[in-house]
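Input: a single structure, listed below in C-alpha cells.
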Amino acid sequence: MNRLTIALLQMDVRYGEPKANRNRVDKLFSQLTRDKKIDVVVLPELWDTGYDLQRLEEIADSEGQEAKELFSQLAKTYGVHIIGGSVAQKKEQGVYNSTFVFNRQGQLIHEYSKVHLFRLMQEEKFLLPGEHIRGFELEGQPALCQICYDIRFPEGIRTAAANGAKILFVSAQWPHPRLHHWRQLLISRAIENQMFVIACNRVGDDPNNIFCGHSMVIDPWGEIVVEGMQKEETIIGEIDLTMVDEIRRMIPIFEDRRLDLYIKTGD
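In C-alpha cells form, the structure reads like this:
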C-alpha cells in the first residue's frame, strides 16, 4: 500500500494511573473509527504511566503484557496497524521505555526501546536504555520508530533512511518551553532523509511539565501535511509513499554521500 491514512492520538495522560490511561485509549479508538477508514494509529510516549518515574517499580507493565493484550485486541477489532507510542515495560533487569507495533491481525511485529535517555527529565535514573535501532515493514513499506529525545540524534535515522526506510514514526512527551525545537527537528529529519515523519506528542501537564502537543505529519519536502494544537484531539492525515521515491530520484542524496570523509578527524 502506498496510500495510508494516519490517526495521531494526541491525548492527555493521567499521571501514574495506567488503568485509567488504558481505558482512555480504548475509548479513543472507539471514537476515531466512526467516520473515516484509518490504516495506522499512533500514540504518544509513556501514555500508560506518564513521567511518574519514581513509582515505576510499582506501576510499570510487566513484560509489556497489559499494553500488548490491549493493542492486539484493538488492532483486530478495528482492522488497524498500531504504533503503540511507548509504555514503561518492566523486565527482570529493569524498566525500559518501549514501543510495540501491531499489524491489522493483532500480531506484534516490532519492538523498540528508547536508546537515548533524557537527563533533563531524569530518565537515566529510572530507565534502562535500549541497545538496538532496527526498522520494520508496514504493509511492505520500510519504517522506523523513535521516541522523543531520539530525534536529536540523527545518525540512526539517517542509517535507516539510507537502507530504504520511508516513514519515521515518533512518539513523545515533549514539553514547553522547547516547542520550537520539536517542530524544527521533525521538519529537518523529514527534509534531510526525504521521508515522511509522523509524530505524536501528548498534551496536558504533570507535576513538573506542561506538554506542548503539536503532533504532525510532515512530507519528504518538509511540508506539514497536518498539525495539531495544544489540546486533546485526534489528528488525521493522509500520505502517499510514492512521493518518497519521486523525491529521492529527483535529488539523489544517498547516492551523493561521501562516507569516506564523514568519520575522519583532524587532518
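Take the sequence shown: its position 57, counting from 1, is numbered 46 in the numbering used here, and each next residue is one higher. Each residue gets a CB set at the ideal place from its N, CA and C atoms; glycine is no exception. As the structure is a computational prediction, the values presented were derived from the model and not from experiment.
Since residue i is in the beta strand (DSSP E), which residue starts that stretch and which ends it?
{"i": "F89", "result": "83 to 91"}
{"i": "S102", "result": "97 to 102"}
{"i": "P131", "result": "130 to 136"}
{"i": "I(-5)", "result": "-8 to -1"}
{"i": "H105", "result": "Element bounds for H105: n/a, residue is neither H nor E."}
{"i": "E126", "result": "125 to 127"}
{"i": "I71", "result": "70 to 72"}
Along the chain, where does the alpha helix (DSSP H) containing residue i start, and where does it finish?
{"i": "S234", "result": "Contrary to the premise, residue 234 reads as Asp rather than Ser in this sequence. Note, D234: alpha helix (DSSP H), 231 to 239."}
{"i": "F243", "result": "Per DSSP, F243 belongs to no alpha helix (DSSP H) and is neither H nor E."}
{"i": "E266", "result": "Nothing can be reported for residue 266: it is not among the residues displayed for the chain, which extend from -10 to 256."}
{"i": "F115", "result": "112 to 115"}
Please report the Cβ distance between residue i and residue j, rounded to the nearest whole angstrom; I am assuming they are in contact, meaning their Cβ atoms lie under 8 Å.
{"i": "Q162", "j": "I242", "result": "With a Cβ gap of about 31 Å, Q162 and I242 do not count as contacting."}
{"i": "E216", "j": "M205", "result": "4 Å"}
{"i": "D41", "j": "G5", "result": "3 Å"}
{"i": "Q193", "j": "D15", "result": "Note that residue 193 corresponds to Gly in the displayed sequence, not to Gln. Not quite, the Cβ-Cβ distance comes to about 18 Å (not below 8 Å), so this is no contact."}
{"i": "I146", "j": "L133", "result": "7 Å"}
Taking C-alpha atoms, which residue in the options lies nearest to residue i?
{"i": "H70", "options": "K26, I122, L35", "result": "K26"}
{"i": "T38", "options": "R13, I236, K253", "result": "R13"}
{"i": "K155", "options": "D194, H105, P209, I98", "result": "P209"}
{"i": "Q135", "options": "Y4, L32, Q20, F18", "result": "L32"}
{"i": "P118", "options": "V104, T231, W36, Q20", "result": "V104"}
{"i": "H203", "options": "V159, I240, L230", "result": "V159"}
{"i": "R(-8)", "options": "M239, D229, V233, I236", "result": "D229"}
{"i": "I180", "options": "P196, I207, V192, H165", "result": "I207"}
{"i": "F200", "options": "R178, P166, F185, Q96", "result": "P166"}
{"i": "V30", "options": "R11, K253, A(-4)", "result": "A(-4)"}
{"i": "E52", "options": "V76, N190, K253, V214", "result": "V76"}
{"i": "Q43", "options": "V84, L250, M239", "result": "V84"}
{"i": "N137", "options": "Q54, Q20, T223, W36", "result": "A small fix is needed here, since residue 137 is Cys in this sequence, not Asn. Looking at the Cα atoms, W36 is the closest of the given residues."}
{"i": "Q78", "options": "R246, I48, E235", "result": "I48"}
{"i": "E46", "options": "L116, M110, D245, I72", "result": "L116"}
{"i": "G153", "options": "G193, F185, Q54, D195", "result": "F185"}
{"i": "E212", "options": "I187, E221, T223", "result": "I187"}
{"i": "G68", "options": "N92, L106, E58, P143", "result": "N92"}
{"i": "R108", "options": "D139, G124, A149", "result": "D139"}
{"i": "V90", "options": "Q62, V192, K114", "result": "Q62"}
{"i": "R191", "options": "Q96, T(-6), L(-2)", "result": "L(-2)"}
{"i": "A64", "options": "Q82, T88, G74, L97", "result": "L97"}
{"i": "L57", "options": "N86, G95, D28, I240", "result": "A small fix is needed here, since residue 57 is Lys in this sequence, not Leu. Ranking the options by Cα distance to K57, first place goes to G95."}
{"i": "R246", "options": "H99, T66, A151", "result": "A151"}
On the DSSP bridge list, what partners appear for residue i?
{"i": "A188", "result": "V159, M205"}
{"i": "P143", "result": "Paired residue(s): none; P143 is not in a bridge."}
{"i": "R167", "result": "DSSP output for R167 lists no bridge partner at all."}
{"i": "K79", "result": "S51, V84"}
{"i": "F200", "result": "P164, G193"}
{"i": "I213", "result": "I207"}
{"i": "E46", "result": "For E46, which the question treats as bridged, DSSP gives no partner whatsoever."}
{"i": "E222", "result": "Q(-1)"}
{"i": "E227", "result": "T(-6)"}
| field | Uninterrupted alpha helix (DSSP H) stretches inside the stretch 7 to 43 (no shorter than 4 residues) | value | 7 to 21
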